[in-house]
């Protein structure tokens with residue numbers, strides 16, 4: 233009996249990787265995609281992949297690393313592993329909120345399906361430099377040093393001092409920054425190491441690439457922000473200037489949708 237597998241059972245991604253003498257760990261280091269996701273690509277295991285735009289981006293990244301044409305590889309992958317639950321964009325109804333990313337959840341409410349294509353940047357790039365120092369620190373006030381008071385000569389009468397007006401606590405009002413009109417949700421992304429991130433703001437894909445350590449991205453939304461993160465352990469962020477909680481472990485792929493109503497659940501306590 234021949235030991236050669238039938239062509240339809242072979243993983244063309246695995247064969248290309250082995251021809252190059254690469255391990256899954258080698259590819260994970262350059263693409264910043266977790267080893268478990270790369271293994272799922274080789275096994276055509278759609279249930280272990282995020283689906284839609286994210287799976288397509290993973291296939292293209294894998295193909296480039298092993299010397300294959302990314303578009304041809306994507307078509308071959310989809311032929312062997314059809315997308316059962318593609319990522320969809322639900323169009324906003326009249327008077328309704330804009331559509332959000334829907335992962336593995338059935339059809340769009342109005343039947344509109346848009347296949348989104350995104351190619352993540354594979355080069356690690358140059359670190360964007362040290363973040364600018366925060367200018368919000370209050371200015372220090374220097375205290376005055378009073379010297380000894382010499383009383384005036386007795387023959388020179390002192391003029392009566394005017395009473396110092398007292399301000400009641402009710403008259404002291406805190407100074408607050410006015411809210412930014414139309415942007416009730418602001419997310420600042422600050423990865424602590426290289427991390428692949430895709431983001432959708434109010435139904436529109438605005439980011440799908442590799443972010444370098446020290447890089448900064450600011451997202452402003454009225455309705456919602458949906459992020460898909462290739463390495464949750466590297467993903468640091470703030471929400472309305474408050475530190476966000478950790479979304480997962482190192483190398484874990486996560487997807488979260490944050491709105492003005494639920495963003496407090498993502499704030500670090």
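Numbering (my numbering), first residue to last: 233 to 501.
Virtual Cβ for every residue (Gly too), placed ideally from N, Cα, C.
Could you have a look at residue i and say whether DSSP puts it in helix, strand or coil?
i: residue 288; result: helix
i: residue 451; result: strand
i: residue 332; result: Caution applies to residue 332, whose pLDDT of 37 falls short of 50 and renders its modelled position unreliable; the model cannot decide the point.
i: residue 410; result: In this prediction, residue 410 has a pLDDT of 43, which is less than 50 and means its spatial position is unreliable; nothing more can be read from the coordinates.
i: residue 483; result: coil
Is residue i buried or exposed, if buried means 16 or more other CB atoms sit within 10 Å of its CB?
i: residue 282; result: buried
i: residue 305; result: buried
i: residue 310; result: exposed
i: residue 292; result: buried
i: residue 424; result: exposed
i: residue 299; result: exposed
i: residue 429; result: buried
i: residue 280; result: exposed
i: residue 482; result: exposed
i: residue 485; result: buried
i: residue 447; result: buried
i: residue 301; result: exposed
i: residue 478; result: exposed
i: residue 463; result: buried
i: residue 253; result: exposed
List the endpoints of the continuous beta strand (DSSP E) containing residue i.
i: residue 440; result: 436-443
Taking only the alpha-carbon atoms, compute the straight-line gap between residue i and residue j and give it to the nearest angstrom.
i: residue 249; j: residue 273; result: 12 Å
i: residue 494; j: residue 290; result: 29 Å
i: residue 450; j: residue 490; result: 14 Å
i: residue 453; j: residue 419; result: 8 Å
i: residue 255; j: residue 416; result: 45 Å
i: residue 192; j: residue 427; result: With the chain covering only 233 through 501, there is no way to say anything about residue 192.
i: residue 432; j: residue 297; result: 26 Å
i: residue 285; j: residue 460; result: 10 Å
i: residue 492; j: residue 465; result: 24 Å
i: residue 500; j: residue 458; result: 18 Å
i: residue 439; j: residue 247; result: 31 Å
i: residue 470; j: residue 496; result: 11 Å
i: residue 265; j: residue 434; result: 26 Å
i: residue 480; j: residue 294; result: 23 Å
i: residue 243; j: residue 276; result: 8 Å
i: residue 287; j: residue 263; result: 13 Å
Identify the residues that DSSP records as bridge partners of residue i: which are they?
i: residue 469; result: 421
i: residue 457; result: 433, 490
i: residue 476; result: 499
Starting from residue i, follow the alpha helix (DSSP H) in both directions and report where the run begins and ends.
i: residue 308; result: 302-312
i: residue 271; result: 267-274
i: residue 254; result: Unbroken run through residue 254: none, as it is neither H nor E.
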